[in-house]
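Undergrad: A single structure is presented below for examination.
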Ligand SMILES: [Ca+2]
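In the working numbering, the protein residues as written are 12 to 589.
Encoded structure:
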């Protein structure tokens with residue numbers, strides 16, 4: 012490793028003397044490009060070793076090095092839809108974040124274009140750049156684009172080793188906390204050819220939200236099994252839990268896109284039966300199978316069909332999308348819904364405005380067997396950073412990621428310097444102005460743990476700046492302002508909050524990870540949406556009693572004929588070759 016890296020750096024420096032960066036105007040200052048590139052390269056290598064710039068000194072390079080000469084890299088700026096309305100190009104690119112990056116690392120970015128971060132705008136533009144072979148010094152791509160680039164001659168294939176050499180401990184910790192699968196997903200022909208920017212997979216674990224005030228009022232206990240859940244739903248339907256004397260409640264919120272984990276979906280219910288729709292799971296013979304093809308789905312579907320037949324879910328669920336279905340929760344018509352950790356922010360926070368007594372809590376998924384259920388999650392890579400093989404300073408990309416981690420990560424008082432006012436006047440870190448960013452998968456769970464400790468000890472010194480907002484919410488809630496503190500308390504607090512449940516999953520190692528972690532296979536790209544349409548059609552019919560699970564084997568055969576067979580074969584070719 013030591014020797015190889017020295018070679019790479021030497022090669023990078025040499026390349027720098029021969030060719031400019033992809034965008035042309037890469038290095039400002041220094042007069043001639045060759046001189047400036049060499050100067051930059053040896054600054055990176057030399058800072059830490061202090062031996063005057065020998066490339067060999069870079070083996071344990073300083074993650075916080077500063078180039079002696081200014082370095083400019085070209086790239087693309089993608090504007091998140093959430094800030095599109097009042098995005099100001101100048102404000103974003105001249106912000107303190109980029110000023111400090113220049114100050115501390117001597118790196119600037121020359122943005123080739125600004126476009127909305129949507130499929131038909133920036134994603135499309137990047138595909139065109141790849142197809143035409145004209146990519147900037149660095150760009151962020153999705154897994155399908157990465158798989159195209161892997162076959163091209165456009166990118167620097169040593170970026171994995173450059174990452175190893177220059178990434179700060181914290182950046183490495185963040186990148187690796189979801190295990191090897193993250194870097195594996197950027198591996199082609201045994202080589203890491205892109206830097207994955209990670210999100211949090213565990214934050215997307217399904218859980219059950221339930222009205223504790225109704226449970227208590229009816230003298231029930233929290234359900235741990237699917238049978239107990241059924242009994243609670245029946246009680247919520249029949250025993251007037253809202254106390255208005257009217258027969259106007261149902262058992263559970265349920266929407267027509269129920270295999271998509273969000274709110275009022277059914278993913279957690281399937282997981283309760285050991286079924287993992289839309290996840291690639293071990294098939295018991297050393298290979299992978301699509302979760303939907305497994306036997307366990309039948310029990311989940313039979314359960315849902317019974318619920319439908321008995322009026323525990325809305326009779327018109329098949330025409331209700333997420334937000335339409337959630338009206339049942341908001342209006343206190345239903346007191347149970349499967350969903351995710353952010354549900355307290357939306358839509359459940361609205362319930363308390365209509366009903367000040369509403370006490371939604373999160374609990375781990377009930378299970379059919381009584382053994383702990385395993386919530387399904389998938390690897391979350393929010394993008395892959397690729398570097399143009401002509402770029403003289405591939406290590407600058409790692410330096411920028413280190414910078415992001417350092418400024419965003421728990422850096423105490425310094426974090427506050429970067430805060431800006433959003434449209435509502437609230438102060439927040441302008442994360443959408445930063446393209447090269449990655450997250451600590453345990454960020455939110457850590458905030459929760461720190462808040463719980465602070466609530467118990469009264470010492471809030473460990474709660475970071477981001478967590479302070481939620482901590483204040485918890486204090487408000489405990490102090491009696493339940494509507495004002497609901498979101499923070501129910502998400503991060505110490506009384507059956509969403510992260511109490513995620514922490515329980517984490518401590519007990521219950522997450523079931525989708526094993527397919529690479530770009531879509533060819534047939535997946537062509538036929539998966541047809542397969543998915545068929546699944547939704549059949550499942551919906553079974554739930555409504557139009558079909559029965561007696562035909563499940565025929566249904567699976569039909570999926571195979573529609574392409575699932577071929578897709579499964581391709582998935583297994585990838586799985587056995589990795
Ligand atoms: Ca009622």
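Note that the Cβ used here is the ideal one computed from N, Cα and C, for glycine as well. Just so we're clear, the structure is a prediction, and the values are computed from it rather than from any experiment.
With DSSP collapsed to three states, give me the class of residue 152.
TA: One-based indexing of the chain shown puts residue 152 at position 141. Of the three classes helix, strand and coil, the one that applies to residue 152 here is strand, per DSSP.
Undergrad: DSSP has residue 236 in a bridge; who is on the other side?
TA: Counted from its first residue, the chain shown places residue 236 at position 225. Answer is 378.
Undergrad: Once DSSP output is grouped into helix, strand and coil, what is the label at residue 92?
TA: Indexing the chain shown from 1 puts residue 92 at position 81. Looking at residue 92 - three-state DSSP - the assignment turns out to be helix.
Undergrad: With respect to 6 Å, is the separation between the Cβ of residue 257 and the closest non-hydrogen atom of ligand 1 below this value?
TA: Within the chain shown, numbered from 1, the residue matching residue 257 stands at position 246. Yes.
Undergrad: If you draw a straight line from the alpha carbon of residue 520 to that of residue 117, how long is it in whole angstroms?
TA: Sequence index remark: in the chain shown, residue 520 carries index 509 (1-based). Sequence index remark: in the chain shown, residue 117 carries index 106 (1-based). Between residue 520 and residue 117, the C-alpha separation is close to 43 Å.
Undergrad: Consult DSSP for residue 46 and reduce its assignment to one of helix, strand or coil.
TA: Looking up residue 46 in the chain shown gives position 35. Any reading at residue 46 needs caution, since the residue's pLDDT is 31, under 50, leaving its predicted position unreliable; the model's value is listed next. Correct three-state label for residue 46: helix.
Undergrad: Any heavy atom of ligand 1 closer than 6 Å to the Cβ of residue 249?
TA: Indexing the chain shown from 1 puts residue 249 at position 238. Flag unset: Cβ of residue 249 not near ligand 1.
Undergrad: Looking at the strands, I want to know which residues DSSP matches up with residue 523.
TA: As a working mapping, residue 523 is identified with position 512 in the chain shown. Note: residue 523 sits in a beta bridge opposite 387.
Undergrad: Kindly give me the distance between the Cβ atoms of residue 581 and residue 534, rounded to whole angstroms, as I take these residues to be in contact under 8 Å.
TA: Along the chain shown, read from residue 1 onward, the residue named residue 581 stands at position 570. Along the chain shown, read from residue 1 onward, the residue named residue 534 stands at position 523. 6 Å between Cβ atoms; contact.
Undergrad: Any heavy atom of ligand 1 closer than 6 Å to the beta-carbon of residue 260?
TA: Residue 260 sits at position 249 when you count from the first residue of the chain shown. Yes, Cβ of residue 260 sits closer than 6 Å to a heavy atom of ligand 1.
Undergrad: My parser needs the alpha helix (DSSP H) runs of 4 or more residues fully inside the stretch 522–587; what are they?
TA: Complete alpha helix (DSSP H) runs here, min 4: 533–554, 563–570.
Undergrad: Say the cut is 6 Å; is the CB of residue 224 nearer than that to a heavy atom of ligand 1?
TA: For this step, residue 224 is matched to residue 213 along the chain shown. Residue 224 Cβ: outside cutoff for every heavy atom of ligand 1.
Undergrad: What is the DSSP secondary structure of residue 589, counted as helix, strand or coil?
TA: As a working mapping, residue 589 is identified with position 578 in the chain shown. Correct three-state label for residue 589: coil.
Undergrad: According to DSSP, is residue 125 helix, strand or coil?
TA: Your numbering for residue 125 matches position 114 in the chain shown. Looking at residue 125 - three-state DSSP - the assignment turns out to be strand.
Undergrad: Three-state secondary structure (DSSP) at residue 274?
TA: The residue you call residue 274 lines up with position 263 of the chain shown. Residue 274: strand per DSSP, three-state reduction.
Undergrad: In chain order, what residues of the same chain lie with their CB nearer than 8 Å to the CB of residue 245, ignoring the 5 residues before and after it?
TA: As a position in the chain shown, residue 245 is number 234, starting the count at 1. So the qualifying residues of the chain are 262, 321, 323.
Undergrad: Is the beta carbon of residue 452 sitting closer than 7 Å to the one on residue 180?
TA: Numbered from 1 along the chain shown, position 441 holds the residue referred to as residue 452. Numbered from 1 along the chain shown, position 169 holds the residue referred to as residue 180. Cβ distance not < 7 Å, so residue 452 and residue 180 don't count as in contact.
Undergrad: If you draw a straight line from the alpha carbon of residue 573 to that of residue 567, how long is it in whole angstroms?
TA: On the chain shown, residue 573 is found 562 positions in, with the first residue counted as 1. On the chain shown, residue 567 is found 556 positions in, with the first residue counted as 1. Approximately 10 Å, taken between the alpha carbons.
Undergrad: Starting from residue 301, trace the beta strand (DSSP E) in both directions and tell me its first and last residue.
TA: To locate residue 301, count along the chain shown from 1; it is residue 290. Residue 301 -> beta strand (DSSP E) spans 299–301.
Undergrad: With 16 other CB atoms within 10 Å as the buried threshold, where does residue 124 fall?
TA: Looking up residue 124 in the chain shown gives position 113. Residue 124 comes out exposed.
Undergrad: Closest by CA to residue 450, which one among 256, 154, 390?
TA: By 1-based counting over the chain shown, the position of residue 450 is 439. Ranking 256, 154, 390 by Cα distance to residue 450 puts 390 first.
Undergrad: Measuring alpha carbon to alpha carbon, tell me which of 541, 210, 164, 538 ends up nearest residue 182.
TA: As a working note, residue 182 is residue 171 in the chain shown. With distances taken between Cα atoms, residue 182 lies closest to 210.
Undergrad: How about residue 447 and residue 486: are their beta carbons less than 7 Å apart?
TA: Within the chain shown, numbered from 1, the residue matching residue 447 stands at position 436. Within the chain shown, numbered from 1, the residue matching residue 486 stands at position 475. Going by C-beta atoms, residue 447 is not nearer than 7 Å to residue 486.
Undergrad: Just mark residue 587 as buried or exposed, buried being the case when its beta carbon has 16 or more other beta carbons within 10 Å.
TA: By 1-based counting over the chain shown, the position of residue 587 is 576. With fewer than 16 other Cβ atoms within 10 Å, it is exposed.
Undergrad: Using the beta-carbon count (16 or more within 10 Å), is residue 278 buried or exposed?
TA: Indexing the chain shown from 1 puts residue 278 at position 267. Result: buried.
Undergrad: Please list, in chain order, all residues of the same chain as residue 141 whose beta carbon is under 8 Å from its beta carbon, the five residues on each side excluded.
TA: Reading the chain shown from its first residue, position 130 is the one you call residue 141. Counting only Cβ-Cβ distances below 8 Å, and skipping sequence neighbours, we find 152, 156, 159, 160, 163, 165.
Undergrad: Drop a sphere of 10 angstroms on the beta-carbon of residue 351, count the other beta-carbons inside from all chains shown, and report buried for 16 or more, exposed for fewer.
TA: One-based indexing of the chain shown puts residue 351 at position 340. Buried is the call here.
Undergrad: According to DSSP, is residue 450 part of a helix, a strand, or is it coil?
TA: Translated into the one-based positions of the chain shown, residue 450 becomes position 439. Residue 450 falls in the coil class under three-state DSSP.
Undergrad: Please list the terminal residues of the continuous alpha helix (DSSP H) segment that includes residue 495.
TA: Residue 495 sits at position 484 when you count from the first residue of the chain shown. That run of the alpha helix (DSSP H) goes 493–503.
Undergrad: Based on DSSP bridge pairs, tell me the residues matched to residue 117.
TA: Within the chain shown, the letter at position 106 stands for residue 117. DSSP output for residue 117 lists no bridge partner at all.
Undergrad: Return the CA-CA distance between residue 431 and residue 522, expressed in angstroms with no decimal places.
TA: The residue you call residue 431 lines up with position 420 of the chain shown. The residue you call residue 522 lines up with position 511 of the chain shown. So the two alpha carbons sit approximately 36 Å from each other.
Undergrad: Would you mind sorting residue 557 into buried or exposed? The rule is 16 or more other CB atoms within 10 Å of its CB.
TA: Locating residue 557 in the chain shown gives position 546, where the first residue counts as 1. Exposed.
Undergrad: State the Cα-Cα distance for the pair residue 243 and residue 97, rounded to the nearest angstrom.
TA: In the chain shown, residue 243 corresponds to position 232, counting from 1. In the chain shown, residue 97 corresponds to position 86, counting from 1. Approximately 47 Å between the Cα atoms of the pair.
Undergrad: Span of the beta strand (DSSP E) holding residue 350?
TA: Start at 1 with the first residue of the chain shown, and residue 350 comes out as number 339. 347–350 is the extent of the beta strand (DSSP E) around residue 350.
Undergrad: When the Cβ atoms of the stretch 199–214 are set against those of the stretch 460–472, are three or more pairs found closer than 8 Å?
TA: With the cut-off at 8 Å, the stretch 199–214 and the stretch 460–472 do not touch.
Undergrad: Based on the DSSP secondary-structure assignment, which residues constitute the bridge partners of residue 442?
TA: On the chain shown, residue 442 is found 431 positions in, with the first residue counted as 1. Paired residues: none, contrary to the question.
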